[in-house]
Every structure is written in structure tokens, then in C-alpha cells.
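Input: a single structure, listed below in C-alpha cells.
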Amino acid sequence: MEPLQTSSNRKRVLSLYAFAIFAAVGLYFVIRHFGEQLAPGVESAAAGTGQIAAHGSTLAQVLLALAVITFLARLVGGVFNRYLHQPPVIGEIVAGLMLGPSLLKIISPAAFTYLLPPEAAPFLSIIAKIGVVLFMFLVGLELDLKALKKSSHTTLAISHASIVVPFLLGSCLALLLYPLYAEGHVSFTAFSLFLAISMSVTAFPVLARILTDRGIQNTPLGMTALACAAVDDVTAWTLLAFVVGIVGAQVESAAMTLVYVVVYIAVMFFVVRPVMRKLIERVDTKSTAVTRSAISLVFVGLLLSAYVTESIGIHALFGAFLFGAFMPHEGKLAEHIRTGTADVVVVMFLPAFFAFTGMRTEVGLLDSGGAWLAFGAITLVATIGKFGGSALAGRSVGLHWRDASAIGLLMNTRGLMELIVLNLGLDLGVISPTVFAMMVLMALTTTFMASPLLDLLMGRNKPQPMPAAAG
């Protein structure tokens, strides 16, 4: 899979890559210059989608809502997996949308109010957000930083091209969407940055599941795709943390937020990581099972890390993700936490997040031909940027077109990671409920089409890709 290249050839690729990064930054500032001269739209948030009123609730209502959400998520996820050959998470996202105003409320308003009463919404919101914090910790824990250090220039070129190209195309699309769908208090810079980043995200867990289902996760193609997605996620989440810090802070305090972030990362790297390594080594030297005291220390660290990042203005998700990434991944303690936490998070917490997203997604807001054209443009631009950027970068470093195209299709999956980004944007008021609905549908569309198109390209259950071209 990795093409053979001379030292001079490698330097040429890296030089072109560096030039492309600087050119992309320059192009964005050109786009921003023109965008800041545009007037935002005057759309108001639709009732019941962007903001959910906080009322009192009973334990019985929340328990019933969780039971319905968990059951329907497993049911629809199973149907998608068995009959449509899709990762179950896609069906679980669809189940969340089915429980919201886009379907259940239309079919039976009484059932919608009974199963998901307004009184339960604030509590579902908290449960969903805690679930996503735990999930991002697990994503970080699965991330192999050692593998990232060893990533080849091929992996870096493909992964960063899959961010830079959709980022720039999304920024250009913001020039068209901002005057139509941005709310009056939102600047073009904030709107364009969120739109651009949301088009640049890859769903690492969905990509990994597709590779596993096809049995190619350990092939050169599968390992390259996983490495590209890992680098993509780290880069995209770093950019998103920076953007959230800028949006959440006033201009005069943005620099201070950046200082806090640098200090936080330094503490994580030089203090927390060595402490966690000693804890894991101590656990591994004992013949007994992992103690609950050791597990509690890990979760205390996770919660404190999430608290710190939430307090300095870059959201709790990043603290959870970075704590998992900086925590040593080897040993009994890390494995015990992975296996013990994943089932609860995936089975109950994430479906709650999907249902919460579904309650905020109202497809009915796309009530005109122009709105559906905007959705089509978003999906087309997102696909061209992600697939095209990855495939062209893969081909430019010597991969066959089929291998490069397969990586492009895999990198175009967005799924859960996209929903996390979109909910952040809606919470911060950067994107409107209409744009939120468009982007949720785009995430579903691009993720859903990955497996069928991969089947057409490579055939199902063919684990070995074609060899890469030399030179």
C-alpha cells in the first residue's frame, strides 16, 4: 500500500504539502474578507428545536424515555446492520430522528408528548452530554499516539488534504448560505468556520466498523485508512477547540483562552500522563484484578479534565478526548476501562444523544425548494471536498486510483462525530435550526452511501486491495 519513494521525492511531496497548508490559510482569509461584508439572514430559532425549555420532571418520565430510546435504537440499528449492511450506528441515528418532531410528532403528537415530554428534555440533555463526554474519552483511549508519530508522509498528506479541501469549499459555500440562513447575531467568521469544520470531520468509529465488517482492517488499505482517520480526527478536533474558544470568548479574551489551552496541554503531558503511567504500571505489577479505587482515580481525572476545558471555554468534550489520548493505552487498567465502559456508553448513553439530537432536528424547516437545494449543495460540496481531497492526495503520493478512491469513500463518513460538532454549533448559537437540520441530513447521507459505494468499487468481502504503484 505504501508507495516506494526516494528521499528527494519525499522532500518534494512534503514541500508541496507545506505550501498547500499556507495557501489554504491565505485563501480562507480572502474568503473571510468578502464574507464579512455580507449581511446575515434574519431567521429566528424555531420553537422546540434549538432551545428546549427546562421544566420539572419525574424519574418515571425519564426512565420511560430512556427505555423507549434504548429499545428503538437497538431495533433500528439491527435492521440497518442485517438488511442494509450498514453500521448499526446509522440506524441508531435514524431512530433518534424518528422519535423527534420530524416523524413521531407528525404521526402522533400525543405519543410524542407522552414518550418524550418536555419535562424530560432537560434531563435527557444532561444524560446525552455526559454520554458524549464518556464516548470522547473512549475515542481518545483508542487513539494510538505512537502510531501517529510513525505516520508516513502519505498518511499525513491524505488526512490533511481531507481536511483542507472540504474546509475551503465549506468556507466558499458559507458565502452563499450566510445571507440566507445565519441568524443576525452571528458573524461570518464564526458561521464559516463552523460550517467548514463540520464538513472536514471523519467518523473514526464508523470507518473502523466498516473496515471490520469487511474484514480488511488489518490489510494495507485498512491500516492506511485508519491511520488517516486518526490523524484527521486529531487535527479536526484541535481546530474545533480553537474555533470554540474564539466563538465562546470575547475578542480581548481569545488570546487568554489560547494561553489557558497551552497551559492545560502542558499539564496533561508533563504531569497527568506520567502519573497515569505510574498508576497503570502499579496495577499491572499486581496479580490481583483491577481495583475500583484505581478505576475511580481514572474517572476522577477524566471528569476534572472535562471540567477544566469547559471552564476555560473550549468545551468539556475536548478535555475528555485529550485525557483519553494522553492516558497510556496498554495494561490491565486501560483494557478494563475500555471493556467495562464501552457497552454502557454505546447501548444507553449514545442513543440518548441521538434522541436528543432528533428532538432538535426538524426536517419540516426545509419547507421550500431553495432550502432543499441548499441541503443538496451542502451534501455535494461536503462529498466533493472529503472524497475528492482524500482521493487526489492518495493518488498524488502513488496509490492506485481504486485504493485512493476507497480511502476517499471511507473518509467521507461522518456519523456520530458530525452530530457532536453540530450540537456544539447549535448550543453556541452559531448555526440556526434550519442549517442544523440540513447538516444532520448531510451527515446521514454521506455516511450511508459509504458502504454501498465501497461495494461497487471493490466488491463485498474482498479483503486484499490492489497493490500500490511504485514511485
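In my numbering, each residue's number is its place in the sequence shown (first place is 1) plus 103.
Ideal Cβ placement from N, Cα and C applies to all residues, glycine included.
(1) So, Gly518 versus Leu272, is the Cβ gap smaller than 9 angstroms?
(2) Whole angstroms is fine: what's the gap from Val304's alpha carbon to Ala264's?
(3) Mark Gly159 as exposed unless 16 or more other C-beta atoms lie within 10 angstroms of its C-beta, in which case mark it buried.
(4) Contact between the region 324 to 339 and the region 187 to 206 is defined here as three or more beta-carbon pairs at a separation below 8 angstroms; is this criterion met?
(5) Considering just the uninterrupted stretch of the alpha helix (DSSP H) at Phe238, what are its terminal residues?
(6) Would the region 520 to 535 and the region 294 to 314 be scored as touching if the rule is three or more Cβ pairs under 8 angstroms?
(7) Looking only at its chain, what residues have a beta carbon closer than 8 angstroms to the beta carbon of Phe137, apart from the 5 residues adjacent to it on each side?
(8) Under 9 angstroms between the Cβ atoms of Ile261 and Met514?
(9) Can you look up His439 in the DSSP assignment and give me helix, strand or coil?
(10) For Val165 and Phe215, which I take to be in contact (beta-carbon distance under 8 angstroms), what is that distance rounded to the nearest angstrom?
(11) According to DSSP, is Lys389 part of a helix, a strand, or is it coil?
(12) Just tell me which of Ser408, Glu384, Ser228 and Thr482 has its CA closest to the CA of Phe575.
(13) Does the pairing of the region 396 to 408 with the region 445 to 455 give three or more beta-carbon distances under 8 angstroms?
(14) Alpha carbons only, please: which of Gly497, Ala306, Val235 and Leu483 is nearest the one belonging to Phe421?
(15) Can Phe551 and Ile193 be called in contact, C-beta distance under 9 angstroms?
(16) Do you know how far the Cα of Val401 is from the Cα of Val374?
(17) Please report how far the alpha carbon of Lys435 lies from the alpha carbon of Tyr410, in whole angstroms.
(18) Can you tell me the Cα-Cα spacing of Gly404 and Phe426, whole angstroms?
(19) Relative to the alpha-carbon of Met239, which residue among Ala123, Leu544 and Phe429 has its alpha-carbon at the smallest distance?
(20) In whole angstroms, what separates the C-alpha of Thr223 from that of Met542?
(21) CB-CB under 6 angstroms to Val538, same chain, minus the five flanking residues each way: which ones, in chain order?
(22) Check whether the Cβ atoms of Phe307 and Val242 sit closer than 9 angstroms, and answer yes or no.
(23) Give, in chain order, every unbroken run of the alpha helix (DSSP H) that is at least 4 residues long and sits entirely within the region 394 to 469.
(24) Just to confirm my understanding: we take Glu195, look at its own chain, exclude 5 residues before and 5 after, and list those with CB closer than 6 angstroms. What are they?
(25) Answer with buried or exposed for Phe490, where buried requires no fewer than 16 other C-beta atoms within 10 angstroms of its C-beta.
(26) May I have the straight-line CA-CA distance separating Val500 from Leu343, to the nearest angstrom?
(27) State the CB to CB distance for the pair Gly511 and Ala494, rounded to an integer number of angstroms; the pair is presumed to be in contact (CB under 8 angstroms).
(28) Which term fits His418, buried or exposed, when burial requires 16 or more other beta carbons within 10 angstroms of its beta carbon?
(29) Note the first and the last residue of the continuous alpha helix (DSSP H) segment covering Tyr295.
(30) Would you call the CB atoms of Thr460 and Leu544 closer than 9 angstroms?
(31) Of the choices Ile233, Phe122 and Val309, whose alpha-carbon is the least far from that of Ser554?
(32) Are Gly473 and Val268 touching if we call contact CB-CB under 9 angstroms?
(33) Going by beta carbon distance, what residues of the same chain come within less than 6 angstroms of Leu531, once the five residues before and after it are set aside?
(34) Using only CA atoms, which one of Leu130, Thr292, Leu246 and Val197 lies nearest to Ala142?
(35) Rounded to whole angstroms, what's the CA-CA distance from Val366 to Ala546? Just pull it up for me.
(36) Can you tell me whether Asn515 is helix, strand or coil according to DSSP?
Reading it off the structure:
(1) no
(2) 12 angstroms
(3) Confidence is the limiting factor: at Gly159 the pLDDT is only 42, short of 50, which leaves the residue's position unreliable, though a coordinate-based value still follows. Exposed, since its Cβ has fewer than 16 Cβ neighbours within 10 Å.
(4) no
(5) Ala224 to Glu245
(6) yes
(7) Leu278
(8) yes
(9) helix
(10) No, Val165 and Phe215 are not in contact; Cβ-Cβ is about 16 angstroms, not under 8 angstroms.
(11) coil
(12) Look at the range of the chain in this structure, 104 to 574, and you will see that residue 575 is not part of it.
(13) no
(14) Val235
(15) yes
(16) 14 angstroms
(17) 26 angstroms
(18) 8 angstroms
(19) Phe429
(20) Reading the sequence as shown, one finds Ala at residue 223 and not Thr. The straight-line gap from Cα to Cα measures roughly 25 angstroms.
(21) Tyr284
(22) yes
(23) 395 to 415, 419 to 429, 435 to 447 and 453 to 463
(24) Ala176, Gly180, Pro454 and Phe457
(25) buried
(26) 28 angstroms
(27) 4 angstroms
(28) buried
(29) According to the sequence as given, residue 295 is Ser; it is not Tyr. Ser295 -> alpha helix (DSSP H) spans Phe291 to Ser301.
(30) no
(31) Val309
(32) no
(33) Val350
(34) Thr292
(35) 34 angstroms
(36) coil
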